Amino acid sequence: MKKISLLSLLLILFVSCVSPKSIISESITEDPTKYMNTITADELKTHLYIVASDSMEGRETGSAGQKKAGVYLINQYKKNNVPFPKGAENYYQPIPAAFLNAKRNENLGDSENIWAYIEGSEKPNEILVISAHYDHVGIKNGEVYNGADDDGSGTVALLEIAQAFEIAKKEGHGPKRSILFLHVTGEEHGLHGSRFYSENPLFPIANTITDINIDMIGRRDEAHASSNNYVYIIGSDRLSTDLDNICKVANAKYVKLDFDYKYNNPMDPNHFYERSDHYNFAKNGVPAVFFFNGVHADYHKAGDEPDKIEYDALTKRAKLAFVIAWELANRENKPVVDKK
Ligand SMILES: [Zn+2]
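Numbering (the numbering used here), first residue to last: 3 to 342.
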């Protein structure tokens, strides 16, 4: 074998350390790790102990407790300098009681979706929606149903994801497409808030590239008793092969959760695909993915409390949603709809 001088060896080492990095940063979506790591268990926990506290009275749609939770969310966006969307008057999308009661007449009061927004730097008219419902079922027989997992977990994940994007933007790495953070109301009564948005969208549905929906990501179910390092992924391949691939690649690269596709099976009797807010996007042709931890003993019970949340799992799943959002917001092409 040919001998190699020390100088050429150093040169080779130098080149191999330096140049690939500069090539990569130009040719693929920038590495989101630094911003992903601003999503912390501590911050998620701090938010969740407030959003799912008794003072929010179980966040029943239209109740004073829900409105109080909404004010808390808005204050977090203000604190992080994440504005309300362009074209809106404030952080609220008001929904009249008449709309909420049209299907079941449950005597719900007026309520609101809450939205925040980061404008894209290159394709501002293409919109990525990240959604989670902030309503729950209120107070029953004097007991407050705090809904820490359902869907306090998704609610606080949105706050942290928005903060991560805003920090990136401040450092010159804002998303190329626009992102709408959408806290929907009325989910527990029939996905009303997301249906209202889909019928009264702030940005055209045709320009909405994907909905990432997060509903219950802080616990584990019986099928995963031995490990919380998983998430159910539902809907990602129903309309777009691209979206499913993006989810898989981002997960493999940055988070490494086990994807469980069990509930993605259209024959599954639970039909979770039709049971959370992404469905109101999917039914209108918008590719959608739903992240979910499955049901547990405290599902829709008074015991769905913040002290039962597994914050390590909540953090990893929130990070997963963030890196998928990062890829969708920054990649060259939006996901192609190639299925009916
Ligand atoms: Zn829910």
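All C-beta atoms, glycine included, are put in the ideal place defined by N, C-alpha and C.
Since this is a predicted model, take the numbers as computed values, not measurements.
Whether residue i touches residue j by CB criterion (8 Å)
i	j	result
residue 236	residue 185	no
residue 86	residue 134	no
residue 65	residue 111	yes
residue 215	residue 138	no
residue 324	residue 163	yes
residue 221	residue 312	yes
residue 320	residue 219	yes
residue 248	residue 326	yes
residue 226	residue 32	no
residue 129	residue 205	yes
residue 41	residue 74	no
residue 302	residue 152	yes
residue 124	residue 191	no
residue 217	residue 101	no
residue 344	residue 136	Only positions 3 to 342 of the chain appear in the structure, and residue 344 is not among them; the question remains open.
Alpha carbon of residue i to alpha carbon of residue j, nearest angstrom
i	j	result
residue 265	residue 233	11 Å
residue 198	residue 223	31 Å
residue 158	residue 338	30 Å
residue 318	residue 341	30 Å
residue 82	residue 298	33 Å
residue 193	residue 277	8 Å
residue 127	residue 273	33 Å
residue 306	residue 58	14 Å
residue 141	residue 147	6 Å
residue 161	residue 79	7 Å
residue 257	residue 275	23 Å
residue 106	residue 99	12 Å
residue 55	residue 145	12 Å
residue 331	residue 43	24 Å
residue 245	residue 38	20 Å
residue 334	residue 263	27 Å
residue 238	residue 282	14 Å
residue 3	residue 255	Only weak support is given to the placement of residue 3: the predicted model assigns it a pLDDT of 36, under 50, and the value that follows is read from those uncertain coordinates. Looking at the two C-alpha atoms, the distance is approximately 37 Å.
residue 316	residue 45	11 Å
residue 329	residue 229	27 Å
residue 177	residue 167	7 Å
residue 284	residue 290	6 Å
residue 95	residue 156	19 Å
residue 269	residue 88	40 Å
residue 243	residue 267	15 Å
residue 173	residue 103	45 Å
Bridge-paired residues (DSSP) for residue i
i	result
residue 115	95
residue 2	This structure gives no information on residue 2, because the portion of the chain shown stretches from 3 to 342.
residue 142	145
residue 290	213
residue 2	Since the first residue shown for the chain is 3 and the last is 342, residue 2 is missing from the structure and cannot be characterised.
residue 260	232
residue 62	138
residue 185	116, 134
Same chain only: Cβ atoms within 6 Å of residue i, ignoring 5 sequence neighbours per side
i	result
residue 195	115, 186, 187, 188
residue 308	50, 51, 54, 150
residue 304	145, 147
Spatial neighbours of residue i in its chain, beta-carbon cut-off 7 Å, leaving aside the 5 residues before and after
i	result
residue 27	Caution applies to residue 27, whose pLDDT of 38 falls short of 50 and renders its modelled position unreliable; the value that the coordinates give is listed next. None.
residue 207	200, 286, 288
residue 171	120
residue 336	128, 211
residue 71	53, 58, 61, 136
Minimum Cβ-Cβ distance from residue i to chain C less than 8 Å
i	result
residue 294	No chain C is part of this structure, which consists of one protein chain only.
Sequence-distant residues of the same chain with beta carbon closer than 8 Å to residue i, five excluded per side
i	result
residue 259	231, 232, 233, 253, 318, 319, 322
residue 91	none
residue 47	308, 311, 313
Any non-hydrogen atom of ligand 3 closer than 7 Å to residue i Cβ
i	result
residue 79	Judged by which ligands are present, ligand 3 is missing from the structure shown, whose ligands are ligand 1.
Distance cut 7 Å, beta-carbon to ligand 1 heavy atom: residue list by chain order: 135, 152, 153, 189, 190, 217, 218, 278
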